[in-house]
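S.K.:
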């Protein structure tokens, strides 16, 4: 679907904790995988942006954990742009269990553009044009 | 200060990423260290609760990243209870740089109580009494 | 190839450190992904073994890092059994860069079988028969 | 003791896995904390070396896991130099449980010096003089 990216991943053993579920900090890493893929699919390599001195640190993250993800489960992480401005972009994320489509978590993450000195800068026009917001496909 | 807990930690090399700053997922781990200490200081060992079959998974997390944390910096993570109900507790967190007191990030995390089958249960009375909410000491 | 398992993975941003390369601790996690797949491909689900009270902690790991792995690089992790005894199995690992086949690292990891009380036990006959050692395909 | 450095740390919840013990990859991170402290105690800040374009990637790591480390346990990581050459230094590590002094793991890690292009270089004389080898205080 246009405007939506999806990555698949399997919960790693090292990502579990002694509660027997994936530790909640990993969801931010999974969202990052989906954002990276989002850019790649639109022809922008994050590696290339970094080579130009651009970085996109996360300035806000909001995750709702609904159901636990467990070791070895296959997950789908959906990702889309919710909003984009000259210096900031907000992504939406939905993490689902592949097997039954159950929604495990939703998340919003906001990133800004900074230069190699970590000073805020504008998102390059070329990149911003690829970040086309769509309405949330699910309620976050 | 009553109702406030503070842990100190040093940013680990393994916590940095190639942006040269601490990766944003680590902040959730740092908040967890402060929550654990909060309980301990009030006489509740999380280990003991787990031995009784109780677990406290995170169901919501909201982090605002204001300034980057860098390798080897000494950080202070403050933690307090914002709100507590029969099955859910919300913590507030402030992450500061020790050297100059600069506020690097704020966060809210909500946890629920579940039993060993991961079914929602009530927070034991003994624990709930220790989770005394205070007004936010800083704006989250 | 019989006796050899291979998994592919892409270096995650969160796996890099400020040296601009994948942090060396991640290689152990990648080796674990390959061991898990090794078992799966032979019909043994690690999840099922755990449900039977069996666990396979790592008791020794030896990694030689030859060339750095970098963000977003596609890697191949090869895995095979070097040696198996009643209570211990040793795996060999080779981590290669997909693009040019360059060898980035080699590793040996040894696991033992323990029961749910973490007491050493014998590897079930059914599992041991699947762990068929082969000569090292490359020098470790 | 001269030539020996010791750091204390507490096993984090996020460091456990569903086996109920600290995941084995974390031991490499703990060893790194001890190496960093080793340098600091001798007046060398790793941050400063990096600012000069020097990096010290790990080229070999060998860990023997003897007993599991568990959540919230206080650990001591001892670290010393085993051997130093113009381009390579080998550290020894012993990880002990604080409470009873039990030895949980031993490790050897070797690092080389590289410049900002990741080309091997010599360890600066000033640094090498601080890396004074001692006989292993325990058998690795």
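Residue numbers (the numbering used here), protein chains in the order written: chain A, 8 to 147; chain B, 8 to 147; chain C, 8 to 147; chain D, 8 to 147.
Built from N, CA and C at the ideal position, the CB exists for glycine as well.
The model shown is predicted, which means the values in this text are computed figures rather than measured ones.
#1: Check the Cβ of residue 32 of chain B against every Cβ in chain C and list those closer than 8 angstroms, keeping chain order.
#2: I'd like the span of the alpha helix (DSSP H) that includes residue 44 of chain B, first residue to last.
#3: Would you decide whether residue 106 of chain B is buried or exposed? Buried here means 16 or more other CB atoms lie within 10 Å of its CB.
#4: Excluding sequence positions up to five away, which residues of its chain have a Cβ less than 7 angstroms from the Cβ of residue 139 of chain B?
#5: With distances taken from CA atoms, which of A/64, A/43 and A/48 is nearest residue 31 of chain B?
#6: Taking the alpha carbon of residue 49 of chain C as the reference point, which residue from C/144, C/142 and C/133 has its own alpha carbon closest?
#7: Identify each residue in the stretch 38 to 52 of chain B for which the Cβ-Cβ distance to at least one residue of chain D is less than 7 angstroms, and report them in chain order.
#8: Got a sec: which bits of the stretch 51 to 85 of chain B sit with their beta carbon under 7 angstroms from any beta carbon on chain A, in order along the chain?
#9: To test your reading of the DSSP string, which unbroken beta strand (DSSP E) runs of 3 or more residues are found completely within the stretch 47 to 134 of chain C?
#10: I'd like to know if residue 100 of chain C contacts chain D, where contact means its C-beta is closer than 8 angstroms to some C-beta of that chain.
#11: If you follow the beta strand (DSSP E) that residue 18 of chain D is part of, which residue opens it and which one closes it?
#12: Are residue 118 of chain D and residue 66 of chain D touching if we call contact CB-CB under 8 angstroms?
#13: Which residues in chain A have a C-beta closer than 8 angstroms to the C-beta of residue 130 of chain C? List them in chain order.
#14: Can you name the residues that DSSP bridges to residue 29 of chain D?
#15: Below 8 angstroms between beta carbons: does that hold for residue 129 of chain A and residue 120 of chain A?
#16: Quick one: is residue 141 of chain D near chain C, going by C-beta distance under 8 angstroms?
#17: Do you know how far the Cα of residue 68 of chain D is from the Cα of residue 71 of chain A?
#18: Which residue's Cα is closest to the Cα of residue 28 of chain C: D/135, D/137 and D/125?
#19: So, using beta-carbon positions, are residue 20 of chain A and residue 43 of chain C closer together than 8 angstroms?
#20: Under the three-state reduction of DSSP, which class applies to residue 11 of chain C: helix, strand or coil?
#21: Express the C-alpha separation of residue 18 of chain D and residue 79 of chain D in angstroms, rounding to a whole number.
#22: Quick one: residues in its chain with C-beta nearer than 7 angstroms to the C-beta of residue 7 of chain B, no 5 flanking neighbours on either side, listed in chain order?
#23: When you compare the CB positions of residue 145 of chain B and residue 101 of chain B, do they come within less than 8 angstroms of one another, or not?
#24: Taking 8 angstroms as the CB-CB limit, is residue 36 of chain D close to chain B?
#25: Between B/26, B/75, B/36 and B/122, which lies nearest to residue 149 of chain B when the distance is taken from Cα to Cα?
#26: Taking the alpha carbon of residue 36 of chain A as the point to measure from, which residue in A/109, A/16, A/108 and A/137 has its own alpha carbon closest?
#27: Who are the Cβ neighbours of residue 137 of chain B in its own chain at under 8 angstroms, not counting the five residues just before and after it?
#28: Could you work out which residues of chain C lie near residue 145 of chain D, taking near to mean beta carbons separated by less than 7 angstroms?
#29: Taking the CB atoms as reference points, tell me whether residue 110 of chain C and residue 73 of chain C lie closer together than 8 angstroms.
#30: Using CA coordinates, which residue listed in B/62, B/75, B/86 and B/103 is at the minimum distance from residue 94 of chain B?
#31: Hey, out of D/86, D/24 and D/14, whose CA is closest to residue 142 of chain D's CA?
#32: Candidates D/75, D/39 and D/131: which alpha carbon is nearest residue 12 of chain D's?
#33: At least one CB of chain D closer than 8 angstroms to the CB of residue 28 of chain C: is that the case?
#34: With 16 other CB atoms within 10 Å as the buried threshold, where does residue 131 of chain A fall?
#35: Taking Cβ positions, are residue 24 of chain B and residue 55 of chain C nearer each other than 8 angstroms?
M.R.: Quick answer:
#1: 21
#2: 33 to 48
#3: exposed
#4: 10 and 88
#5: A/64
#6: C/133
#7: 39, 40 and 43
#8: 62, 64, 65, 66, 67, 68, 69, 70, 71, 72 and 75
#9: 65 to 72, 81 to 91, 95 to 104 and 110 to 121
#10: no
#11: Looking at the DSSP string, residue 18 of chain D is not in any beta strand (DSSP E), and its letter there is neither H nor E.
#12: yes
#13: Neighbours of residue 130 of chain C on chain A: none; closest Cβ ~18 angstroms, over 8 angstroms.
#14: D/23
#15: yes
#16: no
#17: 38 angstroms
#18: D/125
#19: yes
#20: strand
#21: 5 angstroms
#22: Beyond the ends of chain B as shown, which are 8 and 147, falls residue 7 of chain B; an answer cannot be given.
#23: yes
#24: yes
#25: Limits of chain B in this structure are 8 at one end and 147 at the other, which puts residue 149 of chain B out of reach.
#26: A/16
#27: 46, 49, 50 and 51
#28: In chain order: nothing, as chain C lies at least about 16 angstroms away.
#29: yes
#30: B/62
#31: D/86
#32: D/39
#33: yes
#34: exposed
#35: no
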